[in-house]
Amino acid sequence: MIETALQRIPSEVKDAESAPPNYDISVFPTDFTLEGLHQKWKSGSIIIPEFQRQFVWTQVQAS
1 MIETALQRIP
11 SEVKDAESAP
21 PNYDISVFPT
31 DFTLEGLHQK
41 WKSGSIIIPE
51 FQRQFVWTQV
61 QAS
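The opening position of the sequence shown corresponds to residue 1 in full-length UniProt numbering, with each subsequent residue numbered one higher.
Written as structure tokens, this is what we have:
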């Protein structure tokens, strides 16, 4: 069996020693009314593309 010694890159060592950053993530549910969605569409807050690709996967691929 061939054994190869791998040389660690200094930045990899620093990455392994440091802890991942903490994030504060805030989420909240939003249920828009049809009227609210219409207003957002009219004001340009929601953009509906002119072309939407058709469903191209088979049932097997999609599962």
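Where is the CB? At the ideal position from N, CA and C, for every residue including glycine.
- Item | Cβ shell of T58 (< 6 Å), same chain only, five flanking positions each side left out | Position 58 of the sequence shown holds residue 58. None.
- Assumed close pair L37, I46 - CB separation to whole angstroms, cut-off 8 Å: The residue given as residue 37 occupies position 37 in the sequence shown. The residue given as residue 46 occupies position 46 in the sequence shown. Yes, they are in contact, since the Cβ atoms of L37 and I46 sit about 7 Å apart, within 8 Å.
- Report the three-state DSSP secondary structure of W57 (helix, strand or coil). As a position in the sequence shown, residue 57 is number 57, starting the count at 1. The answer is coil: DSSP assigns W57 none of H, G, I, E or B.
- Message: What would DSSP say about S18, mapped onto helix, strand or coil?
- Response: Start at 1 with the first residue of the sequence shown, and residue 18 comes out as number 18. Coil.
- Check V27 in the structure and name its three-state DSSP category. Locating residue 27 in the sequence shown gives position 27, where the first residue counts as 1. Reduced to three states, the DSSP call for V27 is coil.
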